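Student: Let me give you the structure first, and then I'll get to my questions.
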Amino acid sequence: MARERNKKALQELLRGPGNAQCADCSAPDPDWASHTLGVFICLNCSGLHRNIPHISKVKSVQYPPAHPCPMDSSNRWNP
């Protein structure tokens, strides 16, 4: 139940302005998110973000967690 709710929340966020492309390189349909920075990113850029874990923590948007998502309470996702 929570997993489905989080998946729907992520889908809504991805439909928001500017979220249909990678925040770093503008590639379409980003599959990853930096929940610390509040941006969606592509697979290639997610690899770069994983190299800076003290700044950016990334998670796949394809497999949302069953527990409440950190993005639920963030206003950064839709300016």
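As numbered in this note's numbering, residues 32 to 110 make up the sequence shown, in order.
All residues carry an ideal CB built from backbone N, CA and C; glycine is no exception.
The structure displayed is predicted, hence computed values, not measured ones.
1) Between which two residues does the alpha helix (DSSP H) containing P39 stretch?
2) What residues are listed by DSSP as bridge partners for A64?
3) Is it true that the CB of K39 sits closer than 8 Å to the CB of H66?
4) Who are the Cβ neighbours of S104 in its own chain at under 8 Å, not counting the five residues just before and after it?
5) Cβ of T67 less than 8 Å from any chain C Cβ?
Tutor: Walking through what the data contain:
1) The sequence shown places Lys at residue 39, rather than the Pro named in the question. 33 to 45 is the span of the alpha helix (DSSP H), which, as asked, contains K39.
2) F71, K90.
3) No, Cβ-Cβ distance for H66 and K39 is not below 8 Å.
4) At S104, the pLDDT of 48 sits below 50, so the modelled position is not reliable; the number obtained from the coordinates is stated separately. Nothing meets the Cβ criterion.
5) Looking at the structure shown, chain C is missing, and only one protein chain is on hand.
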